[in-house]
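As structure tokens, the structure follows; a few thoughts come after it.
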Amino acid sequence: MLDGFRVSVIRFNLRAKEPIILPHTKGVALRGAIGISLKKTVCTYRDINKECGSCMLNTVCPYPAAFEPLLNNLEVWGRRFLNPPRPFVIKPFQGEKTSLEKEEPFHFDLVVIGKAISLIPYFTLAVKELSDKGIGKTRGKFVIEGIKTLNYRMGFWKEIFNPEKGVFTERVEEINWGDFVEKAAELDQNRITLLFVTPTKIRFQGKVIFNPDFTHIIKRLTERILSLYALYCSGTANEKAFPLHKASYVKTVSRKVRWIDTNRESTKTGNTHPIGGFTGSISFEGKLKDFLPLLLAGELIHIGKNTTFGNGWYKIINPPI
């Protein structure tokens, strides 16, 4: 259905060299620190405040390709791409824990979509530079102990990086749409439970949805994946590729969610922005077959607002609750 759609998931296994204190919004801290580190590393002007849009190298530089994608022909792309989705998602380590002791291991996952997969070495370089400068309130330093890639079809992680030599030793695994279709056959076809583990903010018809139903989730997820497909996988599919009208027949049988208010401070402007959303579980029942590949893809690419920070992360509970 979505020929050419591809995504890779890599895991950075790290170890603290010093105590590290992160905010409760761990994904925000990681995304911001990696972005600054990458721009400092690759920007020819060595100026993190320089606007990428006015730089003659913006079409070949890895920083805007990942963090500030530029669309030169808005007449073609349309107004919804005035702020295009970024081709990556950061999945921070889970739980309430925000402080790390010296020598304590930790990790985060990086999901990269389409042509941005080629930028993984640049992300790695940014993390390496960041490891020497430190992260968090204490600027705690860390080391890269290994980098793994997810083999989605087989369900295991494969080591692909030699930290001592600082080189990749294996290719990055790619996940395509066929992998999601194949995996969907293993799921319950009539009932599903989604566990939202990070704040998820969904808008529908201009309003924030506090108690989403299946249509809200499928509609937003479809828009997100088709946007990523068009921008980073050279795809041309539209919403007709998915039977959205069937989503209204899927019933909500259980909803246990709560809203979490949280904020982030912009490293550029210093302004505070709300990035709250709902967490918890929702169970649905109905004819799900046509939607399962989409929902499996959503586990990786997330849904709603602030996905690059790790928001909108849900897991499919199988068997459903």
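Each residue of the sequence shown is one higher than the one before, starting from 35 at the first, in this note's numbering.
All C-beta atoms, glycine included, are put in the ideal place defined by N, C-alpha and C.
Item	Value
Straight-line gap, residue 279 to residue 321 (C-alpha atoms, nearest Å)	12 angstroms
Counted within 10 angstroms of its Cβ, other Cβ atoms place residue 65 as buried (16 or more) or exposed	buried
Candidates 158, 180, 283: closest to residue 225 by CA position	283
Residue burial classification, residue 80 (beta-carbon count within 10 angstroms, cutoff 16)	exposed
Minimum length 4: unbroken alpha helix (DSSP H) runs contained in the segment 74-103	96-100
Where the beta strand (DSSP E) containing residue 230 begins and where it ends	225-234
Option in 56, 221, 288 with minimal Cα separation from residue 130	56
Rounded straight-line distance, which links the Cα of residue 288 to that of residue 146	32 angstroms
Closer than 7 angstroms: residue 326 CB and nearest the ligand ZN heavy atom	The ligand ZN is not among the ligands present in this structure, which contains no ligands whatsoever.
Member of 126, 208, 97 whose CA lies at the smallest distance from the CA of residue 191	208
Per DSSP, cross-strand counterpart(s) of residue 213	Bridge partners of residue 213: none, in fact.
Beta carbon of residue 105 nearer than 8 angstroms to that of residue 271	no
Cβ distance (whole Å) where residue 68 is taken to contact residue 343 below 8 angstroms	Contact doesn't hold; Cβ gap of about 11 angstroms is too wide.
Where residue 218 falls, given that 16 or more other Cβ within 10 Å makes a residue buried	buried
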